[in-house]
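Read the structure below first, then the notes.
Residue numbers (our numbering): 19 to 175.
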């Protein structure tokens with residue numbers, strides 16, 4: 019009996035070992051398939067990482083270009099702003115000079131002198147025989163204009 023019992027126990031143990039071997043083979047197959055899946059995932063992740071690196075490199079280039087263009091936009095904006103300021107300033111100066119010329123023409127008509135002693139900076143102006151205003155230094159006035167007192171005398175009025 020003991021021998022049969024030992025034989026039976028040995029058969030049970032052998033069957034259990036066979037089952038364990040089958041399970042370990044199944045587990046090994048699973049591990050190998052899992053390893054293949056992991057390798058495929060790693061390849062996929064590496065490919066995506068490469069794509070992401072390319073995208074980030076492009077983004078960095080775009081960011082540098084954006085900084086450059088942003089700086090240039092600021093420079094051009096300032097230039098346009100200054101141009102507009104000078105344009106407005108120039109139009110105000112032209113308007114004021116226009117008014118000043120009108121006032122000087124009124125002075126010429128009132129005084130009837132060919133030489134008007136009004137200083138504009140370092141310049142004076144004189145009126146020639148054709149009633150044109152000539153801007154010049156006072157020393158450049160022709161002698162005939164200096165000698166005539168009234169502009170209307172030469173016209174016969």
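The C-beta atom is built at its ideal place from N, Cα and C for all residues, glycine as well.
message: Can you give me the C-alpha to C-alpha distance between residue 99 and residue 111, rounded to a whole angstrom?
response: Between the alpha carbons of residue 99 and residue 111 lies a gap of roughly 18 Å.
query: Distance, Cα to Cα, residue 139 vs residue 118?
result: Confidence is the limiting factor: at residue 139 the pLDDT is only 45, short of 50, which leaves the residue's position unreliable, though a coordinate-based value still follows. Going from the Cα of residue 139 to the Cα of residue 118 covers about 13 Å.
query: Alpha carbon to alpha carbon, how far is residue 25 from residue 63?
result: Looking at the two C-alpha atoms, the distance is approximately 55 Å.
- request: Determine the burial state of residue 32: buried for a count of at least 16 other Cβ atoms within 10 Å of its Cβ, exposed for fewer.
  value: By the neighbour-count rule (16 or more Cβ atoms within 10 Å), residue 32 is not buried but exposed.
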